[in-house]
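First the structure, in the form of structure tokens, and then the observations on it.
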Amino acid sequence: MGRGPPAVLALWMLFLSLAQANFAPHFFDNGAGSTNGNMALFSLPEDTPVGSHVYTLNGTDPEGDPVSYHISFNPSARSVFSVDPNLGNITLIEELDREREDEIEAIISISDGLNLDTPSGSSLARVRAVDRDTGSAGSVTYFLKNPHPSEFSVDRHSGVLRLQAGATLDFEKARAHFLTVVAKDGGGKLRGADVVLSATTEVTVNVEDVQDMAPVFVGTPYYGYVYEDTLPGSEVLTVVAMDGDRGKPNRVLYSLVNGSDGAFEINETSGAISVTQSPSQLRREVYELHVQVTEVSSAGTPAAQAMVPVTIRIVDLNNHPPTFYGESGPQNRFELSMYEHPPQGEILRGLKITVNDSDQGANAKFNLRLVGPGGIFRVVPQTVLNEAQVTIIVENSAAIDFEKFKVLTFKLLAIEVSTPEKFSSTADVVIQLLDTNDNVPKFTSHYYVARIPENAPGGSNVLAVTAVDPDTGPWGEVKYSIYGSGADLFLIHPSSGIIYTQPWASLDAEGTARYNFYVKAEDMEGRYSLAEVFITLLDVNDHYPQFGKSVQEKIMVLGSPVKIEVSFKINLGSFRDTNMTLRMLSRGPMAAFLMQTKENPMKAVGVLAGIMAIIVALTVLISTATFWRNKKSNKVQPVRRVLRKRPSPAPRSIRIEWLKFRRTKAADKFVLKEAPPNENCNNNSRGTPAPPPPPSTAPSMGQAPWTVPTVSGSLGPQQPQQPSPKPRAVAKRKAVGSPVQSALVSELRQKFEKKNLHSKAYF
């Protein structure tokens, strides 16, 4: 009974010792500025001599196992320090240069020695419990408290903790295993009762990692973007991989396997991927890279590997306008010489134009069009993505005319379609046209009219015709010629186009008054045009008027109108615009006066008023004389008067039909003059006419009729020749053909004779 408390104490002490079994070692954290510990935030002057002891790593293992220290660096970095594995003393082995490297990264580690690759069945540890009792009460057996990991077992008698057969430990799955071991005695009497006493302890199995895992990438998948304005050498993204064995990782190295096309590179230690070319030189929009990571063992030999895809997209910025290129590079002016009127649909092969937009995707899509005289050319293609060869095609051949345009100038415009900036660029296209003989000489008029006098001498200028050929050089020279039925009397100068009469030509308007013929204008290749020429001969007064008869006779009856038709012939020419004068000559002024009154009626009225005034005056005078004569007579007796009335001669009248010429004054057409003596008399008469016989009957009381002879005449076209009148009629006309003045005097004389006879008859 007295042994109970010591047994309990022994079990408690066992519990404490077993609870500290195999925990992971660790560094002491003594803070910044300390010279021992975990080396965190450690700083060192750059002038520290090489070989100096600069720091001491300090750590411990919970189970009291000895620990070892290690230090490593990135492969791309210098190994500046070395460490004593047992003591942890760190020594400087390389000179420091702050200007070159102001920060040093190092990996330090501490280990107590339990390996992950412990064979199955191997003893891991031994737990021991002491029971001070004797006999079966002091016999101790061991077992694992359920539940417990199936990888471990404990020997019932020895307390040796073993790894189960076929079981393996995996650091990546469980870095530590926690076991509960129960120690139980054989049992015995305690205070009269059978008692089995037991004790428990916790066993921690720390798993130490070994190199059995491939490297693992962190943060997958990887996507990177390269903007168009990124400079060569710029970092795109960084891939991160670590050893799958986290407990004691190896160094890893990065490399690019394929897909970069030399456009990218990777830092083998840091995993940073950089672009090596200008993005403008990258022809692919998306790059699929394959990055491989390889572990490097402590011995420096390659170990496990892993690979991961990396997608890098080239992001285009719309920072380039479309640009036109010629054979020698960027160009904004293109020139070409070509003949006018090329075939429809012909390509302007002399122009070698390329247009390019260095952007990518939608930023490189643009339209092409020509700005200038519309409908002459068209451009192909009209929509471009990135780059295209520009072709200009003839659309309207007729508009490409050298005579209209010596030079055709267009602007080739490229403007972006889908971008908000709408970048654009232009290039001048200058086409020098070369002339061809494509024009026919053309006269300035379709016909020409000329008038020349018929008496123009031979070789006289008639008119000048002009034809114009718009072509240049020899093609524009014009030669003139004439032909036609009326061209015999004329000739034309082949260069000047002046038309002359033939030197021997004699023109006569009375023969041929009009000529017409054709003139021809022809260039050197036989292209020609025609114009018609009309030439009219102007009549000149080169012919005398001709009467049909040299003598015209007409019987005049006093008191009746006289009509004299004079037949004559005058050559007026084809235009009938010749001024003509016909003179009617009379012996007395009365006839001339009467003919003038036809043009001026008021003059006749004035003369008539004067005659009436004279008659009134004579009447008053006679009445007064009669009154005074009767007053002297004392006796009034009847008076018988015998009047012998003399037969009145037949009135003579000459009627002149006025010619209807063009509108000219009558005074210019007719000139009346005093007829010279005997001009209007019949000079063929052999004797003078006998005076009229005395009246055969008694005179009447009435007055003799007073008749004013009139003269009228008419001019008409020439009538056919009439047969000669009978001799009696001719004699009659001769008998009555006395002058007007003689008729007036004779009538007055008869009146006075009648008066005297009347007076004698009654006295």
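Take the sequence shown: its letters are residues 1 to 763, numbered as in full-length UniProt numbering.
Even for Gly, the Cβ is constructed at its ideal location relative to N, Cα and C.
Keep in mind the model is a prediction, meaning the values are calculated, not measured.
Within a Cβ cutoff of 6 Å, which residues of the same chain sit near residue i, ignoring the five residues on either side of it in sequence?
i           : result
residue 453 : 538 and 540
residue 727 : Here the model assigns residue 727 a pLDDT of 43, short of 50, so the residue's position is not dependable, and the following value carries that caveat. Taken in chain order, the list of residues that qualify is empty.
residue 295 : 215, 243, 250, 252, 303 and 304
residue 257 : 290 and 292
residue 507 : 454 and 537
residue 335 : 430
residue 80  : 94 and 104
residue 239 : 222, 271 and 291
Looking at the secondary structure, which residues open and close the beta strand (DSSP E) in which residue i lies?
i           : result
residue 338 : 333-339
residue 224 : 222-227
residue 785 : An answer regarding residue 785 cannot be provided, because it is not within the stretch 1 to 763 covered by the chain.
residue 242 : 240-242
residue 453 : 447-453
residue 499 : 498-501
residue 388 : 387-394
residue 81  : 81-83
residue 55  : 53-57
residue 783 : The displayed coordinates of the chain run from 1 to 763. Any statement about residue 783 would go beyond what the structure contains.
residue 70  : 68-72
residue 167 : Premise fails: residue 167 is in no beta strand (DSSP E) and is neither H nor E.
residue 258 : 251-258
residue 188 : 188-190
residue 28  : No beta strand (DSSP E) holds residue 28; DSSP gives it neither H nor E.
residue 456 : No beta strand (DSSP E) contains residue 456, which DSSP labels as neither H nor E.
Express the C-alpha separation of residue j and residue i in angstroms, rounding to a whole number.
i           : j           : result
residue 464 : residue 448 : 9 Å
residue 529 : residue 399 : 23 Å
residue 49  : residue 90  : 13 Å
residue 764 : residue 77  : Beyond the ends of the chain as shown, which are 1 and 763, falls residue 764; an answer cannot be given.
residue 621 : residue 601 : 30 Å
residue 499 : residue 406 : 35 Å
residue 371 : residue 396 : 15 Å
residue 419 : residue 428 : 24 Å
residue 265 : residue 273 : 6 Å
residue 346 : residue 375 : 14 Å
residue 411 : residue 362 : 24 Å
residue 520 : residue 479 : 8 Å
residue 232 : residue 359 : 17 Å
residue 187 : residue 70  : 51 Å
residue 259 : residue 421 : 34 Å
residue 481 : residue 497 : 8 Å
residue 324 : residue 307 : 45 Å
residue 681 : residue 545 : Low confidence applies here, because residue 681 scores a pLDDT of 41, under 50, leaving its location unreliable; read the following figure in that light. Answer to the nearest angstrom: the Cα atoms are 24 Å apart.
residue 318 : residue 237 : 23 Å
residue 753 : residue 543 : 56 Å
residue 297 : residue 212 : 12 Å
residue 527 : residue 462 : 26 Å
residue 611 : residue 625 : 21 Å
residue 451 : residue 523 : 29 Å
residue 57  : residue 173 : 29 Å
Under 7 Å Cβ to Cβ from residue i, same chain only, skipping five residues before and after it: list those, please.
i           : result
residue 364 : 357, 385 and 386
residue 209 : 116, 171, 245, 246, 247 and 248
residue 693 : In this prediction, residue 693 scores a pLDDT of 48, lower than 50, which makes its location untrustworthy; no coordinate-derived value is stated.
residue 230 : 275 and 279
residue 85  : 68, 69 and 70
residue 327 : 352
Take residue i and list the residues in its own chain whose beta-carbon comes closer than 8 Å to its own, dropping the five residues that flank it on each side.
i           : result
residue 778 : Because residue 778 is not part of the residues shown, which for the chain are 1 to 763, the question remains open.
residue 311 : 221, 222, 223, 224, 286, 287, 288 and 289
residue 749 : none
residue 60  : 25, 26, 28 and 67
residue 262 : 276 and 277
residue 614 : none
Could you tell me how far apart the beta carbons of residue i and residue j are, in whole angstroms, since I believe they sit closer than 8 Å?
i           : j           : result
residue 486 : residue 515 : 4 Å
residue 195 : residue 176 : Wrong, their Cβ atoms sit about 35 Å apart, outside the cutoff.
residue 199 : residue 183 : 5 Å
residue 322 : residue 414 : 4 Å
residue 207 : residue 181 : So it is not a contact: roughly 18 Å between Cβ atoms.
residue 518 : residue 484 : 5 Å
residue 315 : residue 367 : Actually they are not in contact, since the Cβ atoms of residue 315 and residue 367 sit about 24 Å apart, beyond 8 Å.
Take every Cβ of the stretch 434-442, pair it with every Cβ of the stretch 376-392, and state whether three or more of those distances are shorter than 8 Å.
-> no
Is there contact between the stretch 242-250 and the stretch 280-291, where contact requires at least three CB pairs shorter than 8 Å?
-> no
For the stretch 153-166 against the stretch 125-139, are there 3 or more C-beta pairs whose distance is under 8 Å?
-> yes
Give a yes or no on contact between the stretch 49-58 and the stretch 85-99, applying the rule of three or more CB pairs nearer than 8 Å.
-> yes
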